[in-house]
Ligand SMILES: [Zn+2]
Ligand SMILES: [Zn+2]
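Here it is as structure tokens:
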């Protein structure tokens, strides 16, 4: 039987923490429900989920829809699109059967790549490999989620780049519905033995735009600061998310430092480290600009934003003795009004 392989490559960098990740998680369930209700998709479509942050990992290898169970999406640091594309190409090379003189292979795979940020690695070697060996045997749809996504990076791999601007859970559901209708329509074409490129569903143009001209797609400065901490008690990671405040009033000719309001603190699992890249964090933010201090989401410690001299953010109960969960140093925490600089994550 000829399979129609569908790959979803999902960015799980920190900028996805909170609402976005939950929407994506629900979206996977919605997608599978919809596809299972379509007899054409049920017969031909095989689904694989690959996530990436600093590194890439296959969460679900190519599997038929009846056996597919939506995986739990993890989080990591970084947006290594190049590494993710290389990982995808290795998988396609290994799993997708090619047509030979004796056997008809699988149908041309469809890849949906979703990212909400800018690549933190060099994508050019992967783009060259894609152009040389894969562009002619797979269809790739690049989806930039939100206004910080680098559409130019996606365009290095495909001409089909969409910018998704989903402002509510309902918008996001409509986007997932569009993905499932696109897969359905492709399943239908291949079951009629038509394999001439990709047949996407009609673009829902109030939530997504097809990007033809990259010059029109300006990338906006990031609105978030995300800081990775490590729980002193459980040694597990957590992420603190701040959002940029709109200035209360603007004075012509004067600029004020940006301030950030606490959005929330989110527990992460130890696979956070497996998916993150180890390169040194370079962006820093001054604590003076951060408004609101969270507690630890893993233990009862009241302060989640203490810092060791090694640079690790950790949770503490208050002033007094603490042990750094990263370097093991004994610390004597003191209450202080002094500002310090904190490393931002790369996501
Ligand atoms: Zn803790
Ligand atoms: Zn330390």
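Residue numbers (my numbering): 24 to 370. Ideal Cβ placement from N, Cα and C applies to all residues, glycine included. Every value quoted in this text rests on a predicted model; they were computed, and no experiment measured them.
With fewer than 16 other Cβ atoms from the protein chains shown falling within 10 Å of its own Cβ, residue 92 counts as exposed. With a threshold of 16 other beta carbon atoms within 10 Å, residue 258 falls short and is exposed.
A distance below 9 Å separates the beta carbons of residue 197 and residue 230. Per DSSP, residue 324 lies in no alpha helix (DSSP H) segment and is marked neither H nor E. Secondary-structure assignment with DSSP links residue 343 through a beta bridge to 356. Taking all protein chains shown into account, residue 266 has fewer than 16 neighbouring C-beta atoms within 10 Å of its C-beta and is therefore exposed.
For residue 39, no beta strand (DSSP E) encloses it, and the DSSP letter there is neither H nor E. Assignment of residue 292 by DSSP, reduced to helix, strand and coil, places it in the coil class.
Setting aside the 5 residues that flank it on each side, residue 187 is surrounded in the same chain by 166, 167, 168, 198, 230 and 231, each with a C-beta closer than 7 Å to its C-beta; the list follows chain order.
The residues 254, 256, 257, 259, 261, 290 and 338, in chain order, have a CB closer than 8 Å to that of residue 321 in the same chain once the five nearest residues on each side in sequence are set aside. In the DSSP assignment, residue 83 falls within the beta strand (DSSP E) that extends over 79 to 87. Counting of Cβ neighbours within 10 angstroms places residue 319 among the buried residues, the total reaching 16 or more. Less than 9 Å separates the beta-carbon of residue 142 from that of residue 103.
By the Cβ-count criterion, residue 116 is exposed, with fewer than 16 other Cβ atoms from all chains shown falling within 10 Å of its own Cβ. DSSP places residue 216 in no beta strand (DSSP E); its state is neither H nor E. Along the stretch 56 to 137, the beta strand (DSSP E) occurs as fully enclosed runs of 3 or more residues at 68 to 75 and 79 to 87, listed in sequence order. Listed in chain order, the non-local C-beta contacts of residue 40 below 7 Å within the same chain comprise 98, 249, 262, 264 and 289, local neighbours out to five positions each way being set aside. Scanning its chain for C-beta atoms nearer than 8 Å, with the 5 sequence neighbours on each side dropped, one finds around residue 139 the residues 34, 36, 38, 39, 43, 167, 168, 169, 171 and 172, in chain order.
Taking the Cα positions, residue 178 is about 6 Å away from residue 184. The three-state secondary structure of residue 330, taken from DSSP, is strand.
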